[in-house]
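Down below is the structure, laid out as structure tokens.
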Amino acid sequence: MNSHASSPASVASHDEQEPAEALVSPALKIVLAPKFEDGEPYAREELGPDIESHDSPEEVVAEAISQDVVPDSEHVREQLNIAEKLGFIGDLEGMVEFAELALNDPNASPRQRNQADILIRRASSL
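Spelled out as structure tokens, the structure:
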């Protein structure tokens, strides 16, 4: 039998112990924010001439993004549709051939070229 559990005096001695905060050394305490007197303004440290201030970011001018929308080609849409169906039935060579036709078509939109490239990469991973 545990002698500490049965003794009421041991429970009382635990209650009389100092809180854990009092046991912490003052050197280990962390001050999170400086304390200011009421009404005291925050004083900024002046920077020397060789130190840059990070208050004002540099302005960067980006290139204009083209808003030109290239319409999808109906012929390329049919080629991509056939390529997807060939891939569905397992004819990966046929899928790659039709995807390459769509990719090399001069009338293909960037979106259609991207879709053809995805089909070609999908076939190469299988």
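Heads up: the sequence shown begins at 1 in UniProt numbering, then just goes up one per residue.
All C-beta atoms in this analysis are idealised placements derived from N, C-alpha and C, irrespective of residue type, glycine included.
- Sort V69, S125 and I120 by Cα distance to E84 and report the nearest one. Taking the sequence shown and counting its residues from 1, one reaches residue 84 at position 84. It is I120.
- Query: I89 by DSSP, collapsed to three states: which one?
  - Reply: Position 89 of the sequence shown, counted from the start, is the residue given in the question as residue 89. DSSP places I89 in coil when its eight states are reduced to three.
- Item | Cβ shell of G94 (< 7 angstroms), same chain only, five flanking positions each side left out | Here the question's residue 94 lines up with position 94 in the sequence shown. Within the same chain, G94 has close Cβ partners L86.
- Task: Look up E78 in the DSSP assignment and say whether it is helix, strand or coil.
- Result: In the sequence shown, counting from the first residue as 1, residue 78 sits at position 78. In the structure shown, E78 sits in a helix (DSSP, three-state: H, G or I).
- Message: So, with DSSP's three-state summary, where would you put N114?
- Response: Counted from its first residue, the sequence shown places residue 114 at position 114. Of the three classes helix, strand and coil, the one that applies to N114 here is helix, per DSSP.
- Task: State the CB to CB distance for the pair V76 and A102, rounded to an integer number of angstroms; the pair is presumed to be in contact (CB under 8 angstroms).
- Result: Position 76 of the sequence shown holds residue 76. Position 102 of the sequence shown holds residue 102. That belief holds up - the Cβ atoms of V76 and A102 are roughly 5 angstroms apart, short of 8 angstroms.
- Query: Do V96 and S125 have their C-beta atoms closer together than 9 angstroms?
  - Reply: Counting from one through the sequence shown, the residue named residue 96 turns up at place 96. Counting from one through the sequence shown, the residue named residue 125 turns up at place 125. No, Cβ-Cβ distance for V96 and S125 is not below 9 angstroms.
- Task: Let me know the secondary structure DSSP gives L126 once reduced to three states.
- Result: Start at 1 with the first residue of the sequence shown, and residue 126 comes out as number 126. Residue state, collapsed to three classes: coil.
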